[in-house]
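Peer 1:
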Amino acid sequence: MSKGYIHSIQSLGTVDGPGVRFVAFLQGCNLRCKCCHNPDTWVRVGDAKEFTAEEVVNKAVRFKEYFKDNGGITLSGGEPLLQAKFATDIFTSAKEKGINTCLDTSGSVINENVLSLLQVTDRVLLDIKYTEDALYKENAGCSMEIPLEFLRILNNMNIPTTLRQVIIPTVNDNEENITKLYDIAKNHNCVDKIELLPFHKICQTKYDAMNITFPFGNLPTPTKEKMDFLKTFVKEYV
Ligand code: SF4
């Protein structure tokens, strides 16, 4: 079985996919989002620990009784697609043990190994960070075309998908953006849920510890009223 680098593990998470989930945050990311909450996962090796896929699944199995009907294992990051072979081995083994598999990704890497990973993925949480290519390029570091192509692949493979977007005041907290996000969902039958997540800044301490600037550190966080208002545009999917 393959080996990979893991930044951290959350034994019983409730916000990264349906139900109660064992969440492994894989180390390394190809993007540099200006709103990133986890800059400490960017560098491929960093402070990460090396695990075999088997070791990860064995850890998850200990919590199986908590997963019930819809919980399971989630691979997040960083960007789990960068370690697609490792992730595939984890998911293949998890599914053999009857554990549901969920991938939390930016959808910004597409290759043969990623396609193999999707064959053993029960659900994808896909970050559609912005709905304009210019904002993607400026604030995430990739073209919007790649995650959209990734979404087309998910649609063709019929993989249940949750679209996620972090709402950042002055950048994407407007009706036009949310309406476009709704249209993207509408055009892909695989999408059954949309999660709008408020931008927050508790990660500032990570940037300080790394001695780098938090690019969006000066932006405000959205109010509850604004979040509730924007959610009304996608209420069909909330
Ligand atoms: S894809 Fe995720 S981990 Fe990578 S830079 Fe963007 S927000 Fe951070």
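Each residue of the sequence shown is one higher than the one before, counting from 953 in the numbering used here.
Quick reminder that beta carbons are idealized off the backbone N, C-alpha and C, glycines included.
Can you tell me whether residue 1152 is buried or exposed? The criterion is at least 16 other CB atoms within 10 Å of its CB, across all chains shown.
Peer 2: exposed
Peer 1: When every heavy atom of the ligand SF4 is checked, does at least one fall within less than 7 Å of the C-beta of residue 1058?
Peer 2: yes
Peer 1: What number of angstroms, rounded off, separates the C-alpha of residue 984 from the C-alpha of residue 1047?
Peer 2: 32 Å
Peer 1: What is the DSSP secondary structure of residue 976, reduced to helix, strand or coil?
Peer 2: strand
Peer 1: Residue 987 to residue 1108, Cα distance in whole Å?
Peer 2: 30 Å
Peer 1: For residue 1167, name the three-state secondary structure that DSSP assigns.
Peer 2: Three-state result, residue 1167: coil.
Peer 1: If you measure from the CB of residue 1169, is any heavy atom of the ligand SF4 nearer than 7 Å?
Peer 2: no
Peer 1: Can you check which of these residues, 1133, 1034, 996, 957, is closest to residue 1063 by C-alpha distance?
Peer 2: 1034
Peer 1: Compute the distance between the beta-carbons of residue 969 and residue 1026, then report whether it is under 8 Å.
Peer 2: yes
Peer 1: Taking residue 1118 as the reference, give the member of 1126, 1140, 1111 with the closest Cα.
Peer 2: Taking the Cα of residue 1118 as reference, the smallest distance to any Cα among 1126, 1140, 1111 is reached at 1126.
Peer 1: Hey, out of 1050, 1054, 1132, 1021, whose CA is closest to residue 1084's CA?
Peer 2: 1132
Peer 1: Does any heavy atom of the ligand SF4 sit closer than 7 Å to the C-beta of residue 1165?
Peer 2: no
Peer 1: Just checking residue 1148 against the ligand SF4 - is the residue's beta carbon closer than 7 Å to any of the ligand's heavy atoms?
Peer 2: Checking the Cβ of residue 1148 against the ligand SF4 gives no.
Peer 1: Compare the Cα-Cα distances from residue 960 to each of 1049, 1095, 1113, 994 and report the closest residue.
Peer 2: The candidate whose alpha carbon is nearest that of residue 960 is 994.
Peer 1: I need the straight-line Cα distance from residue 1055 to residue 1147, nearest angstrom please.
Peer 2: 15 Å
Peer 1: Let's test the definition: count the other Cβ atoms within 10 Å of the Cβ of residue 1031 and tell me whether it reaches 16, buried, or not, exposed.
Peer 2: buried
Peer 1: Beta carbon of residue 1052, beta carbon of residue 1024: below 8 Å?
Peer 2: yes
Peer 1: Please name the residue, chosen from 1110, 1061, 975, 1090, that lies closest to residue 1075 on a Cα-to-Cα basis.
Peer 2: 1110
Peer 1: Return the Cβ separation of residue 1104 and residue 1079 in integer angstroms, given the expectation that the two are a contact with Cβ distance under 8 Å.
Peer 2: Going by Cβ atoms, the distance from residue 1104 to residue 1079 rounds to 16 Å, so no, they are not a contact pair.
Peer 1: Looking only at its chain, what residues have a beta carbon closer than 6 Å to the beta carbon of residue 1168, apart from the 5 residues adjacent to it on each side?
Peer 2: 986, 987
Peer 1: So, for residue 980: in the same chain, excluding its five sequence neighbours on each side, which residues have a beta-carbon less than 6 Å away from its beta-carbon?
Peer 2: 996, 1030, 1034
Peer 1: Of all the options 1100, 1189, 1174, which has the alpha carbon lying nearest to the alpha carbon of residue 1144?
Peer 2: 1189
Peer 1: List in chain order: all unbroken beta strand (DSSP E) runs of 3+ residues lying wholly within the region 1099 to 1135.
Peer 2: Here the runs fully enclosed are 1113 to 1119.
Peer 1: On the DSSP letters alone, give me the boundaries of the beta strand (DSSP E) that residue 1177 sits inside.
Peer 2: Boundaries for residue 1177: no beta strand (DSSP E) harbours it, while the alpha helix (DSSP H) harbouring it runs 1176 to 1183, taken from the DSSP string.
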